[in-house]
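**Q**
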Amino acid sequence: MLWFSLLVLIPLAAVVVKAGGGGWETFVDAVTNRQTFAALRLTVLTSVGVTALNMVMGTIIAWVLVRDRFPGKAILDLVIDIPFALPTIVAGLVLLSLYGPNSPVGVHASNTRVAVFLAIAFVTLPFIVRTVQPVLEEMERDFEEAAASLGASRLTTFRRITLPTLAPAIFAGAALSFARGISEYGSLVLLSGNLPYRTEVTSVRMLSYLEGGDTASAAAVATILLVVALLAIVTLDVIQRRVARRG
Amino acid sequence: MSIEVRNVTKRFGDFVALEDVSVSLPTGQLTALLGPSGGGKSTLLRIIAGLDTADEGTVTIEGTEATNLPARKRNVGFVFQHYAVFKHMTVAKNVAFGLEIRKKPKDEVAARVDELLRLVHLQQFSHRLPSQLSGGQRQRMALARALAVEPKVLLLDEPFGALDAKVRKELREWLRRLHDEVHVTTVFVTHDQEEAMEVSDEIVVINEGRVEQIGSPDDLYDKPANDFVMGFLGEVTRVNGEAVRPHDVDISTAPVLAGAAQGTISRVLRVGFEVRVTVLTDGGEEVTVQLTKAHANALGLHEDQTVWVSPNPGAVPAMSRAV
């Protein structure tokens, strides 16, 4: 508990204190600044979108990795982790060379919001795959057989038995994915172009506050992000409980 | 006949799990599939349930050709060794599952669930999660869940295999009573001959993918068709080359019986109410004799004593040396 306090709670408290340090006015100013608000909205909405996509795609990928057999499966299993392993700025370079002005695949996403989406999707994909995969591996197949012998179709079995069992893992992965999404910097800073009101994300906005010496405003934005992250975790947990109980 | 299995063969790669197996199981009976692990009995049960498919042969359930029916359309109840509970659902929800997906009216489902939980003595646990139940309770819940959909046949795959000895014994007596109440055609797989003999009306002995013998528990014990069945259903010893049960061997301290083999006691072992005596005959056989403590005391048996052993003439003649 002490370790946890030292490592997590004190820095978090420091941010909040810092944000309050500039006085309520600075806080309100920073948050109601139109450019900051646009950045916050872009970051949160994109992260929500990416997380929703990951919940579906990540579960499907985990399913395929555990249940299907195909050549190259071991390699795919390894490749999934690359976004984790790659330094984010390298990921940014990779994305820039792939979707940038000289795109070899003809996709020009630079300086657009699509770039933000792509970058966040790239770095957050492994989260749900890696949280769901071990649960699927541990899962006994016999309750699927039990459901079948009771007359359930495969879809019913999946919806009423398998999905609720996987729900805690999916939502835990979603929380991680969302948190990573709203904090992402390195991988999208190159491709997105950081255009104010259009492709600037919150972390970039905070950096520009800091560069201008306005730590209080940066801390204010950080506090907002903190609250958003907390809300997201609580919401995901509530939904998870609902899904798990629905079965 | 409730279940007709005809000429079923099943291979897993090179391994032949079942080879040309045919079994007919009459309606309303409790049948045990008995045999050693890996002998194919579970595979046969899973093929009847539709959880595995036979490479060759046919399965008919209550007159319906079921060979190509998926499990969910066969209307069989299946109970798994490791319970296969739906962990995120309460006991009542587990039992209701089969009824709910059949879209039965709510009050009908509730009434049926209540009735079944009463039957398996779990009515006070209906709102608990399976993780809050003991192994025996979980298995009773699984049984109620399987019975809820009023299956034509009830199939149990080593249902008590994961339970400790005492609960096992209680549950098998309870299963017998339950079957007498419910009368659904029941097939259960076990490798425990005592369990099979205690619970079932009929036993199908399966070994190495083949049916060795089908018969009542008494038939199998007294008139085993071959050495394997004889050995699997109880202990076997040999006197003068004849295979007999150790409790069917007469032992005396004087040569009163003609043809009795003379020998020396090498070991006397008392296990609870019984005494096991090992006799080395002059003919070079090691004969095991099983007798009551009182009988052994009356004879005053001790090691290195010279005794005479012979098969009890009153015992049902056991296997010949053939096969």
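Chains as they are written, first to last, in our numbering: chain A, 6 to 252; chain B, 409 to 731. Glycine included, every Cβ here is placed at the ideal spot set by N, Cα and C.
1) How about B:Gly732 and B:Thr689: do their beta carbons lie closer than 8 Å?
2) Tell me the rounded alpha-carbon separation between B:Val493 and A:Phe32.
3) Any idea if B:Ser728 is buried or exposed, counting beta-carbon neighbours within 10 angstroms, 16 or more meaning buried?
4) Taking the alpha-carbon of A:Val22 as reference, which of A:Ile229, A:Asp73, A:Thr240, A:Leu83 has the nearest alpha-carbon?
5) Pull up the distance between the alpha-carbon of B:Val503 and that of A:Pro139, whole angstroms please.
6) Going along the chain, which residues of the region 158 to 191 of chain A sit with their C-beta nearer than 7 Å to a C-beta in chain B?
7) Less than 8 Å between the C-beta atoms of B:Val647 and B:Ala666, yes or no?
8) Might you give, ordered along the chain, the residues of its own chain that have their beta carbon closer than 6 Å to the beta carbon of A:Arg250, omitting 5 neighbours on each side?
9) For B:Met549 and B:Val676, I'd like the C-alpha separation in whole angstroms.
10) Between the Cα of A:Asp86 and those of A:Asp34, A:Gly63, A:Tyr104, spot the shortest distance and give me the residue it belongs to.
11) So, is B:Lys511 buried or exposed, given that buried needs 16 or more other C-beta atoms within 10 angstroms?
12) Just confirm the distance between the C-beta atoms of B:Gln547 and B:Leu530, as a whole number of angstroms; I'd bet it's less than 8 Å.
13) Tell me whether A:Ser115 is buried or exposed, calling it buried when 16 or more other Cβ atoms sit within 10 Å of its Cβ.
14) So, helix, strand or coil for B:Leu628, using DSSP?
15) Within 8 Å of any Cβ in chain A, is that where the Cβ of B:Lys514 sits?
16) Kindly indicate which residue of B:Gly446, B:Leu433, B:Ser430 has the alpha-carbon position closest to the one of B:Phe420.
17) Return no unless some Cβ of chain A is closer than 8 Å to the Cβ of B:Leu459.
18) Rounding to the nearest angstrom, what Cα-Cα distance links B:Ala704 and B:Val683 in this structure?
19) Please specify which runs of the alpha helix (DSSP H), each continuous and at least 4 residues long, are wholly inside the region 172 to 207 of chain A, giving them in chain order.
20) Does the distance from the C-beta atom of A:Ile125 to that of A:Ser52 stay below 8 Å?
21) For A:Arg146, is the classification buried or exposed, using 16 other Cβ atoms within 10 angstroms of its Cβ as the cut-off for buried?
22) Which value, in whole angstroms, describes the spacing of the CA atoms of A:Ala184 and A:Val84?
23) If the criterion is Cβ atoms closer than 8 Å, does the pair B:Ile509 and A:Gly156 meet it?
24) Say whether chain B places a C-beta atom closer than 8 Å to the C-beta of A:Glu145.
25) Considering only the alpha carbon of each residue, which of B:Gly443, B:Glu470, B:Gly691, B:Gly617 lies closest to B:Ala425?
26) May I ask you to list, following chain order, the residues of the region 606 to 627 of chain B that have a beta carbon less than 7 Å from some beta carbon of chain A?
27) Since B:Arg584 and B:Val613 are thought to touch, with beta carbons under 8 Å apart, how far apart are those beta carbons, to the nearest angstrom?
28) Is A:Leu155 close to chain B? Criterion is C-beta to C-beta, closer than 8 Å.
29) Could you name the residues of chain B that A:Glu150 contacts, counting a contact when the two beta carbons are closer than 9 Å?
30) If you draw a straight line from the C-alpha of A:Gly111 to the C-alpha of A:Val128, how long is it?
31) Could you name each continuous beta strand (DSSP E) segment of 3 residues or more that falls completely within the region 516 to 600 of chain B, going from the start of the chain to the end?
32) Determine the DSSP secondary structure at A:Asn116, reduced to helix, strand or coil.
33) Decide if A:Tyr202 is buried, meaning its Cβ has at least 16 other Cβ atoms within 10 Å, or exposed.
34) In the DSSP assignment, what are the bridge partners of B:Ala651?
35) So, helix, strand or coil for A:Ser213, using DSSP?
36) Could you give the DSSP three-state label for A:Arg74: helix, strand or coil?
**A** The relevant details are as follows:
1) An answer regarding residue 732 of chain B cannot be provided, because it is not within the stretch 409 to 731 covered by chain B.
2) The alpha-carbon of B:Val493 is positioned some 53 Å away from that of A:Phe32.
3) A caution first: B:Ser728 carries a pLDDT of 46, below 50, which makes its placement in the model too unreliable to give a value.
4) Comparing C-alpha distances from A:Val22 to each of A:Ile229, A:Asp73, A:Thr240, A:Leu83 shows the shortest one belongs to A:Ile229.
5) Using only the alpha carbons, I get a separation of about 28 Å.
6) For the region 158 to 191 of chain A, the residues whose beta carbon sits under 7 Å from a beta carbon of chain B are, in order, Ser158, Thr161, Ile166, Pro169, Thr170.
7) No, Cβ-Cβ distance for B:Val647 and B:Ala666 is not below 8 Å.
8) Here the set comprises nothing.
9) Distance between the alpha carbons of B:Met549 and B:Val676 is about 46 Å.
10) Selected option, being the one with the closest Cα: A:Gly63.
11) B:Lys511 should be labelled exposed.
12) No, B:Gln547 and B:Leu530 are not in contact; Cβ-Cβ is about 11 Å, not under 8 Å.
13) Label assigned to A:Ser115: buried.
14) If DSSP states are grouped into helix, strand and coil, B:Leu628 belongs with the helices.
15) No, because no Cβ of chain A sits closer than 8 Å to the Cβ of B:Lys514.
16) Of the listed residues, the one whose Cα sits closest to B:Phe420 is B:Gly446.
17) Using a CB distance cut-off of 8 Å, B:Leu459 counts as an interface residue toward chain A.
18) Roughly 7 Å between the two C-alpha positions.
19) Taking only runs of at least 4 residues, the alpha helix (DSSP H) segments lying wholly in the region 172 to 207 of chain A are 191 to 197.
20) Result yes, Cβ atoms of A:Ile125 and A:Ser52 sit closer than 8 Å.
21) Exposed, because fewer than 16 other Cβ atoms sit within 10 Å of the Cβ of A:Arg146.
22) Taking the straight line joining both Cα atoms gives about 22 Å.
23) With respect to the 8 Å criterion, B:Ile509 and A:Gly156 are classified as neighbours on the basis of their beta carbons.
24) Chain B contact via Cβ: present.
25) For B:Ala425, the nearest C-alpha among the options comes from B:Gly617.
26) Cβ contacts with chain A: none found.
27) The C-beta separation of B:Arg584 from B:Val613 comes to about 20 Å, leaving the pair out of contact by the 8 Å criterion.
28) Closer than 8 Å: yes.
29) Near A:Glu150 (Cβ distances below 9 Å), the residues of chain B are Arg454, Ala457, Leu459, Ala479, Phe486, Phe488, Ala492.
30) If you take the alpha carbons of A:Gly111 and A:Val128, they lie about 22 Å apart.
31) The region 516 to 600 of chain B contains these whole beta strand (DSSP E) runs: 561 to 565, 593 to 598.
32) The three-state secondary structure of A:Asn116, taken from DSSP, is coil.
33) Counting other Cβ atoms within 10 Å of its Cβ, A:Tyr202 stays below 16 and is therefore classed as exposed.
34) Paired residues: B:Arg646.
35) A:Ser213: helix per DSSP, three-state reduction.
36) DSSP places A:Arg74 in coil when its eight states are reduced to three.
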